[in-house]
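To keep things clear, I will list the structure first and then write my remarks on it.
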Amino acid sequence: MKKKAFKSESKRLLDLMINSIYTNKDIFLRELISNASDAIDKLYYRSLTDKKIKVKKDKLEIKIDYDKDNRILVIEDNGIGMTEEELDKNLGTIAESGSLSFKENMTKKDKVDIIGQFGVGFYSAFMVSDCIEVETKSVDSEKGYKWISTGAEGYSIEECDKKHNGTKISLHIKPDTEEENYSEYLEEYNLKELIKKYSDYIRYPIKMEVTKHELKDEEKHEYEDKKEIETINSMVPLWKKKESEVTEEEYNNFYMDKFNDFDKPLKVIQTSVEGMCSYNGLLFIPSHAPYDYYTKDYEKGLSLYASGVLIMDKCADLLPDYFSFVKGIVDTEDLSLNISREILQKSKSLGLIAKNIESKIRKELENMLKEDREKYEEFFKTFGVQLKYGIYNEFGKDKDKLKDLIMFHSSKKDKLITLKEYVDNMPEGQEKIYYASGASIAKIDSLPQVEQVKEKDYDILYLTDYVDEFAITAIQEYEGKKFANVENGDLDLETEEEKEKTKKVNEENEDLLKDMQEEIKEVKEVRFTNKLKTHPVCLTSEGDVSIEMQKVFDAMPNDMGIRAQTVLEINEKHPIAKKLKSLYKKDKEEFKKYTKILYSEAKMIAGLPIDNPTEISNLICEVISK
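All residue numbers for the sequence shown refer to the numbering used here, where the first residue is 1 and numbers rise by one.
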């Protein structure tokens with residue numbers, strides 16, 4: 001028996017196949033099962049047009065067998081098989097694909113899925129085996145043939161006594177090493193796991209002999225192990241069934257089993273698209289966030305299948321970051337893959353699928369908001385931060401897609417409302433959307449600046465998440481109404497008379513205010529105001545960076561040096577204003593002490609740290625003890 005060299009030659013090419021293209025050894029079984037499925041597909045397709053070929057559809061199957069003692073793993077099908085010429089062509093030439101040529105010869109109306117496209121998957125078996133034997137008999141041949149190879153050195157072909165059409169692949173599994181446990185591919189449990197993971201939805205039954213631990217004697221509580229043939233794969237994917245044929249329990253069980261969750265999903269989304277890019281999708285919105293969701297370790301993505309075969313466990317390209325909480329699968333025939341199926345090219349098909357999925361999720365959330373408010377609020381409390389993140393990410397590129405999905409606490413309604421609901425309920429004469437930021441609703445509600453807006457009977461959106469103000473800034477306006485931070489200096493809510501009166505007070509006390517500013521140094525300005533009602537003092541900001549934004553920047557690992565321009569505002573009607581004016585004339589040292597105390601009070605109200613709390617505490621005790 002003469003050994004032949006691979007036509008694409010070279011140990012280098014085969015080494016590339018094994019060591020570079022495929023990074024996960026487990027996928028060899030997926031590839032061989034997919035090839036077996038292709039072979040059965042070809043046979044069935046031929047039987048539809050060739051009356052000489054008789055096929056019983058219920059007899060088509062793939063068998064898996066293993067021999068631990070001799071370290072042999074067998075994958076066998078009863079598909080179309082190969083002639084000697086086909087065997088030489090398909091397996092003798094690396095990257096020669098019979099499946100691809102078969103697919104190209106089919107008309108567009110032919111509905112037969114052929115998984116293999118590049119003819120390299122077969123060689124992934126060399127990752128785990130040092131010798132491969134292929135016994136095959138074509139439906140077009142009277143003779144069977146055996147192909148044998150030990151790797152890059154070449155292969156040989158000889159006749160064999162195979163009676164029925166199909167292909168039997170025997171892998172001689174490599175000995176274990178310190179680095180690799182190849183024996184795991186001869187273990188029943190592991191083989192079942194690999195089949196379930198990668199090939200669960202192959203349309204033909206994948207059968208394997210399994211061990212059943214059964215009760216032998218009930219009285220003696222004796223058990224015995226029995227061997228029986230079991231179909232390992234599910235075959236019919238849940239996502240290819242009609243929604244009317246699937247129960248809620250089936251969806252829930254599938255989700256909990258597939259994604260290792262103890263709770264049922266909050267929302268199930270099933271979608272099927274045909275056209276330029278055809279695919280089936282089954283998506284789930286979890287009822288709670290995974291423990292690592294808001295960490296760098298979390299991996300987003302949907303399970304990607306090509307004609308029922310798992311290609312990628314988490315395909316990140318299928319989901320935008322703001323919908324990263326969605327779990328599920330996508331199964332498509334229109335998939336552009338690279339040579340290994342492990343790394344997806346940035347194909348047009350994948351981009352179209354991702355765009356459609358994003359649109360589908362968004363519409364489902366919009367419907368949930370409209371039709372099931374309670375469920376949507378439950379969802380938003382868990383994943384709302386991610387939607388807000390999506391608004392300001394990439395300079396607000398997706399703000400228009402998401403702005404109607406976000407919610408904030410309403411000061412008037414005392415509940416979550418949307419931006420549309422806020423605008424729809426604005427009283428006549430209100431021109432802006434008012435908001436305030438803080439660590440909690442209670443803290444925001446106690447801010448001095450809130451009083452002026454409430455007095456006008458205007459609603460205020462309370463922003464309690466660190467991302468909120470950045471999202472609002474990205475949106476800029478909603479239905480022509482600009483956003484206004486109540487903690488900013490000028491809300492333009494005073495009458496002209498009030499403005500003139502305040503201006504006059506500040507002009508009359510110009511020296512006093514400048515000396516206060518000089519004493520504090522950190523603030524841009526000190527001024528009297530009439531916006532405060534009961535509080536003596538507050539700290540406001542001017543410019544694009546608010547006080548709450550500064551807190552976010554301060555919390556970052558690296559100090560970015562971004563600071564808010566702050567203004568100390570003093571209630572002109574409060575007794576403290578009269579006290580300051582008096583001290584400025586009579587006792588400048590005491591005046592300085594009051595200045596420091598008032599500024600520290602304003603910082604505390606704003607939630608900013610005091611540089612020297614001990615000093616301020618002593619000053620307060622000193623002042624009140626007189």
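Think of the CB as a built atom: it goes at the ideal place given N, C-alpha and C, for glycine as much as any other residue.
- Of all C-beta pairs linking the segment 183-201 to the segment 61-71, three or more are shorter than 8 Å, placing the two stretches in contact.
- Rounded to the nearest whole angstrom, the C-alpha separation of Ser234 and Lys3 is 41 Å.
- Taken through DSSP and simplified to helix, strand or coil, Glu85 comes out as helix.
- Within its own chain, the residues whose Cβ lies closer than 6 Å to the Cβ of Thr529, once the five positions on either side in sequence are excluded, are Glu569, listed in chain order.
- Between the beta-carbon of Asp404 and that of Leu387 there is about 10 Å, and that puts the pair past the 8 Å contact cut.
- With a beta-carbon spacing of about 19 Å, Arg30 and Val236 fall beyond the 8 Å limit used to define contacts.
- By the 16-neighbour rule on beta-carbons within 10 angstroms, Gln476 is exposed.
- Under the three-state reduction of DSSP, Tyr123 is assigned to helix.
- If you draw a 10 Å sphere on the C-beta of Thr595, you find 16 or more other C-beta atoms in it, and that means buried.
- When only Cα atoms are considered, Tyr466 and Thr247 end up about 40 Å apart.
- Cβ-Cβ distances below 6 Å link Gly281 to Thr271, Val330 in the same chain, with the five nearest sequence neighbours on each side left out; the list follows chain order.
- For Tyr145, the secondary structure class from DSSP, reduced to helix, strand or coil, is strand.
- Assignment of Glu421 by DSSP, reduced to helix, strand and coil, places it in the helix class.
- Sequence-distant partners of Ser324 (beyond 5 residues in either direction) whose C-beta falls short of 6 Å from its own C-beta, in its chain, are Lys300.
- Pairing Tyr389 with Tyr435 gives a Cβ-Cβ distance that is not under 9 Å.
- The shortest C-alpha to C-alpha distance from His535 to any of Lys226, Ile53, Gln449, Lys413 is the one to Gln449.
- Looking at the backbone, the Cα of Val486 and that of Tyr478 are separated by about 17 Å.
- Under DSSP, Arg527 forms a beta bridge with Glu569.
- From the listed residues Arg362, Leu32, Gly489, the smallest Cα separation to Leu194 is found for Leu32.
- DSSP lists Ile72, Cys131 as the bridge partner or partners of His172.
- C-alpha of Leu491 to C-alpha of Val423: approximately 18 Å in a straight line.
- Around the beta-carbon of Val523, 16 or more other beta-carbon atoms lie within 10 Å, marking it buried.
- Between Glu496 and Gln452, the alpha-carbon positions lie close to 16 Å from each other.
- Below 8 Å, too few C-beta pairs join the segment 502-515 and the segment 532-551 to call them touching: fewer than three.
- In the structure shown, Glu228 adopts extended strand secondary structure according to DSSP, grouped into three states.
- Excluding its 5 nearest sequence neighbours in each direction, Asp26 has C-beta neighbours in its own chain below 7 Å: Leu194, listed in chain order.
- The Cβ-Cβ distance between Leu350 and Met276 does not fall below 9 Å.
- Its chain contains no residue whose beta carbon lies nearer than 6 Å to that of Glu615 once the 5 sequence neighbours on both sides are disregarded.
- Boundaries for Leu493: no beta strand (DSSP E) harbours it, and the DSSP string shows neither H nor E there.
- DSSP places Asp65 in the strand class (E or B) of the three-state scheme.
- By the CB criterion at 9 Å, Glu469 and Leu416 fall outside the cutoff.
- Its chain contains Glu209, Val210, Lys212 as the residues whose beta carbon lies nearer than 8 Å to that of Glu228, once the 5 sequence neighbours on both sides are disregarded; these appear in chain order.
- Taking 9 Å as the cut-off, the Cβ atoms of Leu318 and Ile311 do not count as close.
- The beta-bridge partner set that DSSP reports for Cys277 is empty.
- Pro613 and Leu266 have their C-alpha atoms roughly 48 Å apart.
- Under the criterion of beta carbons closer than 8 Å, Thr83 and Ser47 do not qualify as touching, at roughly 18 Å.
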